[in-house]
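Accompanying notes for the structure given below.
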Amino acid sequence: MPRLLQETLLATTECYPDHTALVVGDVRMSYLEVTHYAYRLAHALHSRGVRRGDRVAIFMDNTWQCASSIFGVLLAGGVFVAINAQTKHDKLAFILRDSDTRVLLSEAHLARVFGSLVEQLPRLQILCIPESKALPAGVENLDEALVNMPTTPPLQSAITLDLAALIYTSGTTGDPKGVMHTHQSLLFVLDSINEYLGFTHDDRLFSALPLNFGYGLFQWLSAVRAGATLVLERSFTYPAQVFKCMNDEAVTSFACVPTVFALMLAHDAKQPLHFPSVRILTNAAAALPVEFISGIHRLFPNASLYKMHGQTECIRCAYLNPDLADSKPESVGHAIPGTELLLLGENGRAVAQGEVGTLYVRGPHLMKGYWNQPEKTADVLVPASLPNEFMLKSGDLFRQDADGDLYFVARSDEIIKSRGEKVSPAEVENAIYRLPAVQEVVVAGIPDPLLGQAVCAFVVVREGEKLSIQQIKHSCSERLENYMIPKHVLLLPELPRTTNGKLSRKLIMEQCEALLAKLE
Amino acid sequence: MKNIIRKYILENLLFTDDETVLQDNESFLDGGIIDSTGVMEIILFIEDTFGIKVNDDEMLPVNLDSVDNLVTFIKRKQLIAA
Numbered sequence: 001m002p003r004l005l006q007e008t009l010l011a012t013t014e015c016y017p018d019h020t021a022l023v024v025g026d027v028r029m030s031y032l033e034v035t036h037y038a039y040r041l042a043h044a045l046h047s048r049g050v051r052r053g054d055r056v057a058i059f060m061d062n063t064w065q066c067a068s069s070i071f072g073v074l075l076a077g078g079v080f081v082a083i084n085a086q087t088k089h090d091k092l093a094f095i096l097r098d099s100d101t102r103v104l105l106s107e108a109h110l111a112r113v114f115g116s117l118v119e120q121l122p123r124l125q126i127l128c129i130p131e132s133k134a135l136p137a138g139v140e141n142l143d144e145a146l147v148n149m150p151t152t153p154p155l156q157s158a159i160t161l162d163l164a165a166l167i168y169t170s171g172t173t174g175d176p177k178g179v180m181h182t183h184q185s186l187l188f189v190l191d192s193i194n195e196y197l198g199f200t201h202d203d204r205l206f207s208a209l210p211l212n213f214g215y216g217l218f219q220w221l222s223a224v225r226a227g228a229t230l231v232l233e234r235s236f237t238y239p240a241q242v243f244k245c246m247n248d249e250a251v252t253s254f255a256c257v258p259t260v261f262a263l264m265l266a267h268d269a270k271q272p273l274h275f276p277s278v279r280i281l282t283n284a285a286a287a288l289p290v291e292f293i294s295g296i297h298r299l300f301p302n303a304s305l306y307k308m309h310g311q312t313e314c315i316r317c318a319y320l321n322p323d324l325a326d327s328k329p330e331s332v333g334h335a336i337p338g339t340e341l342l343l344l345g346e347n348g349r350a351v352a353q354g355e356v357g358t359l360y361v362r363g364p365h366l367m368k369g370y371w372n373q374p375e376k377t378a379d380v381l382v383p384a385s386l387p388n389e390f391m392l393k394s395g396d397l398f399r400q401d402a403d404g405d406l407y408f409v410a411r412s413d414e415i416i417k418s419r420g421e422k423v424s425p426a427e428v429e430n431a432i433y434r435l436p437a438v439q440e441v442v443v444a445g446i447p448d449p450l451l452g453q454a455v456c457a458f459v460v461v462r463e464g465e466k467l468s469i470q471q472i473k474h475s476c477s478e479r480l481e482n483y484m485i486p487k488h489v490l491l492l493p494e495l496p497r498t499t500n501g502k503l504s505r506k507l508i509m510e511q512c513e514a515l516l517a518k519l520e
Numbered sequence: 001m002k003n004i005i006r007k008y009i010l011e012n013l014l015f016t017d018d019e020t021v022l023q024d025n026e027s028f029l030d031g032g033i034i035d036s037t038g039v040m041e042i043i044l045f046i047e048d049t050f051g052i053k054v055n056d057d058e059m060l061p062v063n064l065d066s067v068d069n070l071v072t073f074i075k076r077k078q079l080i081a082a
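Chains as they are written, first to last, in our numbering: chain L, 1 to 520; chain X, 1 to 82.
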């Protein structure tokens, strides 16, 4: 049994050195090649002073280097911090500072984002894939750094309780939080996922989800653990390319989110789509609308549909047996193997069957906490039944049927889910407040047929000041990932308040109902 | 045509009128300018503005991923249109 995440790669490489591990565009890599790259990177990191427990950030698109570097960092004894390639400068700087990252691995086309960090974070070493561009001063060429490194295993000193990853996730207060996962928690959830999905060596997993968040990352980890092949696309931006790749590569598993299912069904209405090779089809990140299910069966006639639920703090917590996909179309099922889910009321007691309760998660897959945030950690990792054992208080309200299968009701906080991504209203509000002409802003999610929820900003401009909707969106585009930029901006003379004088999203939504109904 | 496309991208995807932030040969993906919903907006815009029809199997980077690619693609589509 592997004790460290990188041992899954080494074990698979020993069994199937020549089997294709990764297909990314025109690049095909065997397991041996991935391992060699990861060994070289580990040695290069060691020679730059990276030691056990040091954070190494990977700020890359979905490339073969990104996938391989995850294992390179682990083999160096480091903790990988994978950062979404859409991240803008200020947030990138925040994450690197917050995590006290020692080395940043990136790509030349992202120099527009990380370029100025050379001066702002002098302790940070930046290694960059050159592509065809010249690198900024102070940035080292990653390819040249690797070329003379040995392809021998580096010395390992980490143990299973050590941190393997910091995964940054949006929080209600605005700044992202680093979710600490150990080798043990990630290995546990990996084996649980691979057990219920039943991946084998012959599978060809397809993913266009970013490797920096749990659902995308685990497509790669699941493939490696099973000795399967991951076919990785950069994004769903150019659908024709994605659909062609899925069929050309005869993929057997497809990781999807509701927004992409919606896109696929819209395409299918014009030009029929058909993916007969897929046998495992998964949905996560947001609830799957029931009306999609019959269309999905038509597009994927040979696939079992797994509806799943999770969050970064435990990666995955529930899945629905695919045999029940049609009879319980609104359920996300029960706990993943080896774990337990509880629905508790405000008094901490289990709610009666059919009643709404907060979801709590028990199991070895829980995070160790939020990096450097003991108070926020204590809010969500709460004492469980055994001494010194914690369970995770999720932000989600559920109810349960007589079989114990779970039905999502609502989130208990104000986090918006747009395209399956978490959007913190406070983070968007902070970006808009950067404009001095803004007197007040409230951001909320409104229902949207494609996105699930669309981000909507209600803005009051200071008297005598002028501000256009475009200027507001521009301020957001400079600071936020694209999916966080408000789709709708409403300029209002004032915002309604509660009798206590507080701003209330609920009141605003009620007052703007007519305006919102007119939006596309 | 190029200027109309540039103006659209600047106003609707970059939310600015600063011409210097957009290079004609710059990949929209590399530049972080679009994602899956952005590309749909571009397609609707060029269909409406230039009277062409973008087929699903034409939604490829070679046709859509920069100002230059868009210009070449639209000109070709206009030439072969009925």
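The beta carbon of each residue, even a glycine, is placed where N, CA and C say it ideally should be.
This one's a predicted model, so the numbers in the text were calculated from it and none came from an experiment.
Start-to-end residues for the alpha helix (DSSP H) that takes in T194/L:
For the sequence presented, residue 194/L should be read as Asn rather than Thr. In the DSSP annotation of this structure, the continuous segment of the alpha helix (DSSP H) that includes N194/L starts and ends at H183 to L197.
In the DSSP assignment, what are the bridge partners of N141/L?
According to DSSP, N141/L bridges with C128/L.
For V27/L and Q241/L, what's the separation of their Cα atoms in angstroms?
Each residue's Cα considered, the two are about 15 Å apart.
Who pairs with R55/L in a beta bridge, going by DSSP?
DSSP lists V79/L as partners of R55/L.
So, under 8 Å CB-CB, H309/L and A303/L are touching, yes? Tell me the CB distance rounded to an integer number of Å.
Between A303/L and H309/L the Cβ distance is about 19 Å, and since that is not below 8 Å, they are no contact.
7 Å Cβ cutoff, Q65/L in contact with chain X
So no, Q65/L is outside the interface.
Report yes or no: do three or more beta-carbon pairs, one from the stretch 188 to 208 of chain L and one from the stretch 95 to 106 of chain L, lie closer than 8 Å?
The answer is no - the stretch 95 to 106 of chain L does not touch the stretch 188 to 208 of chain L, with fewer than three Cβ pairs under 8 Å.
With a threshold of 7 Å between beta carbons, is N84/L in contact with chain X?
Chain X places no beta carbon closer than 7 Å to that of N84/L, leaving this residue out of the contacts.
So, under 8 Å CB-CB, N192/L and I336/L are touching, yes? Tell me the CB distance rounded to an integer number of Å.
The sequence shown places Ser at residue 192/L, rather than the Asn named in the question. Between S192/L and I336/L a beta carbon distance of about 5 Å is seen, short of the 8 Å cut, so the two are scored as contacting.
For E233/L, tell me which candidate among L29/X, F15/X, K75/X and D18/X has the shortest Cα-Cα distance.
Per the Cα distances, L29/X.
Hey, out of D90/L, Q125/L, L127/L and V73/L, whose CA is closest to A164/L's CA?
Out of D90/L, Q125/L, L127/L and V73/L, the CA that lies nearest to the CA of A164/L is found in V73/L.
Which first and last residues belong to the alpha helix (DSSP H) in which V62/X is found?
Looking at the DSSP string, the run of the alpha helix (DSSP H) that includes V62/X is P61 to L64.
To which residues of the same chain is C476/L closer than 6 Å at the C-beta, ignoring the five residues directly before and after it?
Answer for C476/L: A431 and I485, listed in chain order.
Ignoring anything shorter than 3 residues or poking outside the stretch 2 to 47 of chain X, list the beta strand (DSSP E) runs there in chain order.
Segments of the beta strand (DSSP E) lying fully in the stretch 2 to 47 of chain X: there are none.
Within 10 Å of its beta-carbon, does M1/L have 16 or more other beta-carbons around it, so buried, or fewer, so exposed?
Within a 10 Å sphere around the beta-carbon of M1/L sit fewer than 16 other beta-carbons, which makes this residue exposed.
So, is H201/L buried or exposed, given that buried needs 16 or more other C-beta atoms within 10 angstroms?
Result: exposed.
Taking Cβ positions only, does F261/L come closer than 7 Å to chain X?
It does not; no Cβ of chain X falls within 7 Å.
Reference M264/L, options T8/L, P329/L and F243/L, closest by Cα:
When only C-alpha atoms are compared, the closest one is F243/L.
Exposed or buried, G501/L, counting other C-beta atoms within 10 Å across all chains shown (16 or more means buried)?
Counting Cβ neighbours within 10 Å, G501/L comes out exposed, since fewer than 16 surround it.
Let me know if E421/L comes out buried or exposed under the rule of 16 or more other beta-carbons within 10 Å of its beta-carbon.
E421/L comes out buried.
Could you work out which residues of chain X lie near Q470/L, taking near to mean beta carbons separated by less than 8 Å?
Per Cβ cutoff of 8 Å: E11, F15 and T16.
Beta-carbon within less than 6 Å of V522/L's beta-carbon, same chain only, minus the 5 sequence neighbours each way: which residues are those?
Nothing can be reported for residue 522/L, as the shown portion of chain L is limited to 1 through 520.
Indicate the three-state DSSP secondary structure (helix, strand or coil) for I446/L in the structure shown.
Correct three-state label for I446/L: strand.
Given a cut-off of 7 Å, decide if G78/L and V50/L are closer than it, judged by their beta-carbon atoms.
Contact: yes.
Give me whichever residues DSSP pairs with N283/L in a beta bridge.
Partner(s): C256/L and K307/L.
Just the Cα atoms here: how many angstroms apart are G214/L and D54/L?
If you take the alpha carbons of G214/L and D54/L, they lie about 21 Å apart.
What residue range is occupied by the uninterrupted alpha helix (DSSP H) comprising Y37/L?
Run containing Y37/L: Y31 to S47, per the alpha helix (DSSP H) assignment.
So that I know if they touch, is there some Cβ in chain X lying closer than 7 Å to that of N482/L?
The C-beta of N482/L comes closer than 7 Å to at least one C-beta of chain X.
Among the candidates L205/L, L344/L, E440/L and L96/L, whose CA atom is the shortest distance from the CA of P496/L?
For P496/L, the nearest C-alpha among the options comes from E440/L.
S418/L and V455/L - do their beta-carbons sit closer together than 7 Å?
The answer is yes: Cβ separation under 7 Å.
So, does the CB of Y238/L fall closer than 7 Å to a CB anywhere in chain X?
At least one chain X Cβ lies under 7 Å of Y238/L.
Step through the CB atoms of chain X and report whether any lies within less than 7 Å of the CB of Q184/L.
It does not: the Cβ of Q184/L has no partner Cβ on chain X nearer than 7 Å.
Report the neighbours of V39/X on chain L: residues whose CB is nearer than 7 Å to its CB, in chain order.
Per Cβ cutoff of 7 Å: T237 and Y238.
Excluding the 5 residues preceding and the 5 following C245/L in the sequence, name in chain order all residues of the same chain whose CB lies nearer than 7 Å to its CB.
Answer for C245/L: V231 and E233, listed in chain order.
C-beta neighbour in chain L for L70/X, strict 7 Å
Interface annotation, L70/X: not in contact with chain L, CB-CB separation never under 7 Å.
In whole angstroms, what separates the C-alpha of G174/L from that of A223/L?
Here the alpha carbon of G174/L sits roughly 34 Å from the alpha carbon of A223/L.
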